[in-house]
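Residue numbers (the numbering used here), protein chains in the order written: chain A, 1214 to 1488; chain B, 32 to 279.
Backbone N, C-alpha and C fix where the C-beta goes; we use that ideal spot for every residue, glycine too.
Presented below is the structure to which this report refers.
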């Protein structure tokens, strides 16, 4: 069932606010019985808001992101971005995956150029834009390297550059730093926040890392073990709105503690289910 | 050590020396295995006389058309099978049933259908090489990471663009490995089909010389075919490495 509640002619209020309306999703493997992955998820993400989906593995948080990306069909409930229902993938919603998903046969520069070519941007302009983006993610000098020659952190920076290049209004991130070592991850957090300050976007960020969620997001939506539901939504903005020294603050520790207690039971439940 | 060409090919050199000496000291019957030097002289005469060239060209035409068509059709079919479950359901049982069939068993069937000329040889080679190409393209295309396809779609690529720009290059390493198998098979079927019937080609030359008892010349052609197979594989390997320079 597709969303039919939106009246046409809403282009005026385009924007990039996201509305999940009672989204359910059943995963049907080729063999085996269907599994209810998401059960009636409703959530609103305001324009330029950074929302983290936090939950144990297998809770359907990535599925929710893929539905928003338009990669999976919305079968039950509705998802709309800027008032328009999601019917397929589009350049308004850029995505970054945990496994980087770079085209291994393309160089760093060719990867960043890919989206711009798809957007039919004229050549001199897209060359300039690719240079800017490679600069932005500090990969100057690696333009002609292949992904196989880069470290995990560098690969993910290329992926972020490729996604940001086409200036999506919404950024979907699927555990983007999950495969990185702790130090690299911390640096990437700072880099991501810096980029978001320069080019603010609506971000939906999937993670199972509580500290990461609290540090990066404005709000954290905690999901239950399968079937995924929204358990609680927690405001995680630093009290004064400034993220410097947030990590060291007692407010941060309290938020992490509070969220960890919420996630803990679900993680244990998920573990038991996997047996 | 292993990089030294001389040492790498030392066993081959020893074999050549053995081949030269064994018939001369009558360890083996020289009429059944002429000394290597005699074979070399026969090879030179075949080259000067133009027999090697004219039959080689004829074989080359059969080989390139047969292999070429199998590559084009095989990639198209394999990728389509991976792309569409309907095509997969129709083609998969056929491919699986034909896979274990000895490739040379096709030759008499092709002769029956297409006659004694080049058509049956090209078809035999094409059919024999088709399966490894189909399977490699199928496996390669299916193995392309879903998130790679999604990334392209999120960049604004259409389904068709995804096919050309993501699936095909993503499947390329497997496809190129499959083609290498096809190249090996193509040489077997080429020679076998020409040995069986025909008035042209290197395989025909082998059987003609063998039946006429001109064994030194027969061995010369056998060596030529082996060398061509070897160098084709080497050249292909070089091309493959160049093409897949982005890996590792």
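Taking the CA atoms as reference points, residue 1448 of chain A sits about 11 angstroms from residue 1471 of chain A. Across the region 234–249 of chain B, no CB contact with chain A closer than 9 angstroms is found for any residue. Interface criterion not met: the Cβ of residue 1473 of chain A is under 8 angstroms from no Cβ in chain B. When the alpha-carbon of residue 139 of chain B is set against those of B:244, B:267, B:60 and B:155, the nearest one is in B:155. Residue 58 of chain B and residue 258 of chain B have their C-alpha atoms roughly 26 angstroms apart.
Counted as a single uninterrupted DSSP element, the stretch harbouring residue 1319 of chain A is not any alpha helix (DSSP H), since DSSP gives it neither H nor E. In this chain, the alpha helix (DSSP H) harbouring residue 1378 of chain A covers 1365–1378.
Between residue 108 of chain B and residue 165 of chain B the beta-carbon gap is near 5 angstroms, inside 8 angstroms, which marks them as a contact. Interface residue (Cβ-Cβ distance to chain B less than 8 angstroms): residue 1391 of chain A is not classified as such. Here residue 151 of chain B is not near residue 205 of chain B, since their CB atoms are 8 angstroms or more apart. Partner residues in the beta bridge of residue 1231 of chain A, as assigned by DSSP, are A:1258 and A:1294. In terms of CA proximity to residue 1311 of chain A, B:178 leads the group B:169, B:90 and B:178. Between residue 1415 of chain A and residue 1229 of chain A, the C-beta gap is smaller than 8 angstroms, which places the two residues in contact. Among the CB atoms of chain A, one or more fall inside 8 angstroms of the CB of residue 186 of chain B. If the five residues before and after residue 1361 of chain A are omitted, its C-beta is found closer than 8 angstroms to the C-beta atoms of 1317, all from its own chain and listed in chain order. Listed in chain order, the non-local C-beta contacts of residue 1460 of chain A below 7 angstroms within the same chain comprise 1428, local neighbours out to five positions each way being set aside. The Cβ-Cβ distance between residue 1435 of chain A and residue 1268 of chain A falls below 8 angstroms. Interface annotation, residue 179 of chain B: in contact with chain A, CB-CB separation under 8 angstroms.
Among the residues facing chain B, residue 1306 of chain A is included, as its CB has a counterpart in that chain under 8 angstroms away. Sequence-distant partners of residue 1468 of chain A (beyond 5 residues in either direction) whose C-beta falls short of 6 angstroms from its own C-beta, in its chain, are 1427 and 1449. In the three-state scheme derived from DSSP, where H, G and I count as helix and E and B as strand, residue 224 of chain B is classed as helix. Secondary structure of residue 1411 of chain A (DSSP, three-state): helix. Chain order gives the chain B residues near residue 1282 of chain A as 181 and 185, where near means a beta carbon separation below 8 angstroms. Residue contact check for residue 84 of chain B against chain A: no CB pair falls below 8 angstroms. Below the 7 angstroms Cβ cutoff, chain A contributes 1317, 1318, 1359 and 1361 as neighbours of residue 277 of chain B, in chain order.
Of all residues in the region 146–180 of chain B, those with a C-beta nearer than 7 angstroms to a C-beta of chain A are 176, 178 and 179, reading in chain order. According to DSSP, residue 1238 of chain A shares a beta bridge with A:1251.
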